[in-house]
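Here's the structure, in structure tokens; my notes come after.
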Amino acid sequence: MDRKNRRCSAAQVVWSATLIVSLLSGCVTPFNHEASITRNDAFIDYWPHPKDSGDLRLAVKDLIDLKGFVTTAGSAYFEKNRLPAAKDAACMAIARERGVLIVGKTNLDELAVGVTGMNEYFGIPKNRLSRRRDLIPGGSSSGSAVAVQSGMADVAFGTDTAGSVRVPAACCGIVGLKTTYGLVPLRGVYPLEPKHMDTVGPMGKDIDHVVEGMDLLERGFRGQYESAVASSSPREIRVGRLYVSGTDPKIDQAIDAALAQAHFTVVPLGKVFKASWEQAEKDATTVAEAGAWISDGKLLSKPEVGGKVKAAIALGEIQYDTNYKNALSRQAAWRRALRQAFAHVDLIALPTLKKLPPRVPVVGGTPVFEALVLGLENTAAVNYAGNPALAMPVPVDDKDIPVTSLQLIGPRLSEARLLSAGRLVELANRSAVEKAVAEKSGHRRTDSHLKLRARIRAAMGRD
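Structure representation (structure tokens):
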């Protein structure tokens with residue numbers, strides 16, 4: 519058995535051992551299907567407001583402090599035992615200054631430890647991407663994605679440690695931006711891996727709304743974006759295409775077709791970079807899992823904490839003791855590899871997920887299902903480097919699901935250029951996306967979107 523296979527086998531053994539321990543200790547609990555009968559699944563606290571009011575409606579992941587409200591982090595334990603936040607998280611400052619309408623605090627995987635969006639206590643936000651399949655919403659920012667998808671919010675804030683903005687954006691067919699590490703302050707955001715990987719980012723139905731959200735997180739962002747739009751020409755944008763092993767061929771075809779429609783210059787990235795990416799994905803997962811132990815190990819004994827979360831925390835302890843330091847020792851080399859790649863290309867493109875989002879399982883919330891979904895993600899390596907990344911819908915050839923998700927990665931602090939490039943992809947593929955979504959999920963562009971686009975065009979001096 520070669521070294522790579524030994525590593526894979528070791529990971530499988532760790533997961534199996536963790537599951538067995540969880541079962542023996544009684545911490546794998548059945549999914550609570552009655553939990554959210556009196557709640558809207560997308561929200562933990564919801565303050566509805568008419569979408570036709572003309573106000574921008576912002577939803578906030580319940581990992582982010584809002585003054586006067588308990589930050590539950592999606593946990594029954596915190597809902598019952600934490601005091602209301604004494605002040606807002608730092609990332610809320612611009613939204614408060616502008617009087618933005620906050621419509622609620624959104625659901626998430628408990629303690630943000632999870633990738634499916636399935637919460638044993640607060641329920642599963644309903645993903646409406648497919649009429650015929652009950653798909654997972656993705657996590658951990660599941661409620662933020664569904665709030666946007668369902669039209670209950672125009673913009674939502676999520677957090678992204680290893681893909682938690684981009685994965686639910688991919689599962690729900692919306693746009694999500696993982697910001698550069700350190701760009702948006704984390705004070706007042708419940709931590710998972712704040713020393714290396716935690717970020718806050720905006721989510722919206724389209725690029726325009728994500729620009730609005732980013733302008734609430736970084737002062738002066740709109741000016742940066744307008745400058746990037748004014749100077750961007752698709753044929754001058756050079757995109758490095760990364761092909762990831764295990765990807766569904768129809769997803770690779772969809773990504774290639776969307777890039778071709780945008781008229782970018784696309785060049786394949788070679789085996790050396792691919793090997794670096796694969797190692798970075800493993801190291802990033804190790805660091806994130808160890809972070810769960812560092813942040814939440816003290817909660818293992820709490821009976822209100824769910825079973826799959828306890829299993830993940832237990833795995834994090836193993837990772838911290840065995841692999842954490844070695845993983846961190848390779849972080850600088852991975853950042854250098856990315857900088858070298860960006861010396862030759864402007865952006866890197868690959869699928870956000872290797873396969874289309876799976877159905878919600880009959881038996882919910884198990885560590886095994888979490889591990890299966892985790893294996894579909896192409897997101898953690900970006901957090902490990904600290905770079906920004908955009909996830910956005912593009913049409914896919916599938917009978918039930920209308921879109922898959924293109925991920926564009928940029929150099930550090932290139933959010934404006936990323937969104938400008940995303941705008942070109944969106945314009946080139948918009949009619950195909952809208953047709954597929956209308957046929958397979960029933961969602962259509964809303965009047966509020968049209969009003970927003972007109973407002974943005976007016977602000978940019980266009981008629």
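With positions in the sequence shown counted from 1, the corresponding number in this note's numbering is that position plus 518. No residue lacks a Cβ here, since even glycine has one placed at the ideal position from N, Cα and C.
CB-CB length for residue i against residue j, believed under 8 Å
i    : j    : result
G656 : A663 : 7 Å
V702 : E736 : 7 Å
A630 : G706 : The pair is not a contact, with the Cβ atoms about 15 Å apart (cut-off 8 Å).
L908 : L695 : 5 Å
V729 : T677 : Wrong, their Cβ atoms sit about 19 Å apart, outside the cutoff.
D864 : I773 : With 8 Å as the limit, D864 and I773 do not qualify as a contact, their Cβ atoms being about 17 Å apart.
G700 : K579 : Rounded, the Cβ-Cβ distance is 19 Å, inconsistent with contact.
Distance between residue j and residue i (C-alpha atoms, nearest Å)
i    : j    : result
A867 : K820 : 42 Å
D583 : G825 : 25 Å
N905 : T698 : 5 Å
L945 : A898 : 28 Å
L760 : F596 : 41 Å
A861 : K713 : 27 Å
P568 : D766 : 40 Å
A903 : N896 : 13 Å
D770 : T870 : 11 Å
L931 : A950 : 31 Å
K723 : G592 : 23 Å
T624 : V827 : 19 Å
D570 : E822 : 40 Å
N901 : D716 : 8 Å
Proximal residues to residue i (C-beta, below 7 Å), its chain only, five neighbours per side dropped
i    : result
A954 : P913, P920 and V921
Q742 : A934
Y842 : T804, V805 and A808
A560 : T624, N625, P643, G661, V664, A665, S668 and M670
Assigned exposure category for residue i - 16 Cβ within 10 Å defines buried
i    : result
T590 : buried
R684 : buried
S658 : buried
H727 : buried
V673 : buried
E615 : exposed
L581 : buried
D915 : exposed
G731 : buried
D801 : buried
P566 : exposed
P929 : buried
Nonlocal neighbours in the same chain, by C-beta distance under 6 Å from residue i, ignoring five residues either side
i    : result
K605 : K585
W811 : I831, G834, E835 and Y838
V891 : V633 and T634
G809 : L710 and E711
G544 : With a pLDDT of only 39 at G544, under the threshold of 50, the placement of this residue in the model should not be trusted, and no figure is reported.
Close Cβ partners of residue i (< 8 Å) along its chain, the five nearest in sequence each way excluded
i    : result
A613 : L576, I620 and L734
S959 : R646, L647, S648, R649, G691 and P920
I725 : V693, M910, L937, G940, R941 and E944
A859 : G758, L787, F791 and I866
A603 : D583, L584, K585, G586, F587, V588, T589 and G706
Check whether residue i and residue j have beta carbons under 8 Å apart
i    : j    : result
A983 : P885 : Here the chain comprises residues numbered 519 to 981, so residue 983 is not present and cannot be evaluated.
L894 : K873 : yes
A680 : T803 : yes
F887 : P879 : yes
R753 : H781 : yes
R877 : R651 : yes
S923 : A687 : yes
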